[in-house]
Amino acid sequence: MNVLAPVPSSLEAELRAHVGRHVAKTFDWDAFPSNRGFPDLERAQMRYIGAGGSPKVGDSSTLKPEHFTLSLIYKHVGKYAACHAHEIEESFLIIDGVLTVGWERDGEVVEVKLGPKDMILNARDIGHGFRNDGIEPVLMSISVDVGKPLPPRYLYHPKNTAPELARSFGAQPGRTIAFSPTGEHPLAQHMARYVIRHSEQPTLWDGAGFTRKVYVGPGGIESDTCRKEMLGVPVGVGVKPYAREVEDAFLVLEGSLTVGWEDEAGNGVEVELGPRDLVLNPAGRRHWFRNNSAGPVTVWQVIGTAEPETVRFEAA
Ligand SMILES: [Fe+2]
26 MNVLAPVPSS LEAELRAHVG RHVAKTFDWD AFPSNRGFPD LERAQMRYIG
76 AGGSPKVGDS STLKPEHFTL SLIYKHVGKY AACHAHEIEE SFLIIDGVLT
126 VGWERDGEVV EVKLGPKDMI LNARDIGHGF RNDGIEPVLM SISVDVGKPL
176 PPRYLYHPKN TAPELARSFG AQPGRTIAFS PTGEHPLAQH MARYVIRHSE
226 QPTLWDGAGF TRKVYVGPGG IESDTCRKEM LGVPVGVGVK PYAREVEDAF
276 LVLEGSLTVG WEDEAGNGVE VELGPRDLVL NPAGRRHWFR NNSAGPVTVW
326 QVIGTAEPET VRFEAA
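Given below as structure tokens:
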């Protein structure tokens, strides 16, 4: 029997086209050609917005980037990423596992261990690498704060660096320094301005009834590119439609979030997102969110500007 499926409205089709479903996407084990032939560098990338640091910019399964890219990176225990630098800032938000991130300068490296919901913003032109020294795989969300980043500049790649030196991100023997937020070393002090611990960042209650922890932006790390926040939305809480002059994206970390779009005539469509699902709300699009579920939801939000918040959220 043929059943006529209702034809989706153009708004509904547009919303669906801006959703990245975790289960509909695949991890790419060959996203970084410079890793080919080096099993210790193995990592998998799942692209949601843009290509991130991968040259696979022609991937039609990823959303078109404006001011930032967003992807997931998976790293097995024992694997590492060679020390490199970018022309722009790049954030690592840990989702699962514990990641060791190193910053290098003049043969010295400061290493920080980051756990779930911790983040580091790798500063422009700083040599950085990462390694999974833990006992479980690491899953993290990487955002590069420009739509189309240039290829990374490798500083200590095993193709032209001794394997042990590459694994230590370029630290000469005995010149690895464990990060401490109060450390005296200038590189540790520099890094301290770019590390956010979830447990140490204040929880702000918005008047509309949800929580925010500012990671990048006023109250968090200073930046002139994008803002990044973690939102907590209690059961039953939602906000009225709002629009921004730039795009923003929601990546659900835990729970379920309902996101709606509204057109000029006030017609609305909505979609429910689960863990590791993402929606990209384009500039100017009126959108809203609500927790219709029986449990809290945690959302990672990236906003395509560094300007302070202009939206006054209103409880729906
Ligand atoms: Fe990087």
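Residues in the sequence shown are numbered consecutively from 26, following our numbering.
Ideal placement from N, C-alpha and C gives every residue a C-beta, glycine not left out.
Residue environment, residue i, which counts as buried when at least 16 other CB atoms sit within 10 Å
i, result
"residue 306", "buried"
"residue 168", "buried"
"residue 260", "exposed"
"residue 184", "exposed"
"residue 344", "Summary: the structure shown does not reach residue 344, with the chain confined to residues 26 through 341, and so no result is reported for it."
"residue 175", "exposed"
"residue 104", "buried"
"residue 149", "exposed"
"residue 84", "exposed"
"residue 337", "exposed"
"residue 335", "exposed"
"residue 160", "exposed"
"residue 61", "exposed"
"residue 35", "exposed"
"residue 315", "buried"
"residue 51", "exposed"
"residue 249", "exposed"
"residue 33", "exposed"
"residue 213", "buried"
"residue 269", "buried"
"residue 209", "exposed"
"residue 206", "exposed"
"residue 177", "buried"
"residue 80", "exposed"
"residue 187", "exposed"
"residue 333", "exposed"
Whole-Å CB distance - residue i paired with residue j, under 8 Å assumed
i, j, result
"residue 252", "residue 328", "4 Å"
"residue 82", "residue 122", "Contact doesn't hold; Cβ gap of about 28 Å is too wide."
"residue 277", "residue 298", "5 Å"
"residue 234", "residue 262", "4 Å"
"residue 172", "residue 291", "Contact flag wrong, Cβ pair sits at about 31 Å."
"residue 257", "residue 195", "With a Cβ gap of about 38 Å, residue 257 and residue 195 do not count as contacting."
"residue 133", "residue 200", "5 Å"
"residue 67", "residue 101", "6 Å"
"residue 285", "residue 325", "No, residue 285 and residue 325 are not in contact; Cβ-Cβ is about 19 Å, not under 8 Å."
"residue 43", "residue 330", "With a Cβ gap of about 18 Å, residue 43 and residue 330 do not count as contacting."
"residue 86", "residue 120", "No, residue 86 and residue 120 are not in contact; Cβ-Cβ is about 20 Å, not under 8 Å."
"residue 110", "residue 155", "Contact flag wrong, Cβ pair sits at about 13 Å."
"residue 300", "residue 287", "About 25 Å separates the two Cβ atoms, so there is no contact after all."
"residue 45", "residue 303", "4 Å"
"residue 147", "residue 115", "5 Å"
For residue i, the three-state DSSP class (helix, strand or coil)
i, result
"residue 35", "helix"
"residue 55", "coil"
"residue 121", "strand"
"residue 317", "coil"
"residue 147", "strand"
"residue 95", "strand"
"residue 322", "strand"
"residue 341", "coil"
"residue 49", "helix"
"residue 29", "coil"
"residue 61", "coil"
"residue 42", "helix"
Query - Every unbroken beta strand (DSSP E) within the stretch 149 to 224, with a cutoff of 3 residues, ordered by chain - result: 152 to 156, 163 to 169, 178 to 181, 201 to 203
Query raised in the report: Are there three or more Cβ pairs, one per stretch, closer than 8 Å when the stretch 221 to 240 is compared with the stretch 184 to 195?
Result: no
Query raised in the report: Is it a yes or a no for the stretch 91 to 98 touching the stretch 127 to 138, going by three-plus beta-carbon pairs under 8 Å?
Result: no
Requested in this report: Count the CB pairs spanning the stretch 241 to 255 and the stretch 295 to 311 that are closer than 8 Å, and state whether there are at least three.
Outcome: no
**Report entry** Stretch pair the stretch 210 to 226 + the stretch 137 to 145: three plus CB contacts closer than 8 Å
**Finding:** yes
Query raised in the report: On the three-pair Cβ rule with 8 Å, is the stretch 48 to 57 touching the stretch 67 to 85?
Result: yes
Query - Complete runs of the beta strand (DSSP E) confined to the stretch 232 to 305 [at least 3 residues] - result: 236 to 241, 252 to 258, 273 to 279, 282 to 287, 293 to 298
Query raised in the report: Counting only runs that start and end within the stretch 69 to 94, where is the beta strand (DSSP E) found for 3 or more residues in a row?
Result: 69 to 74
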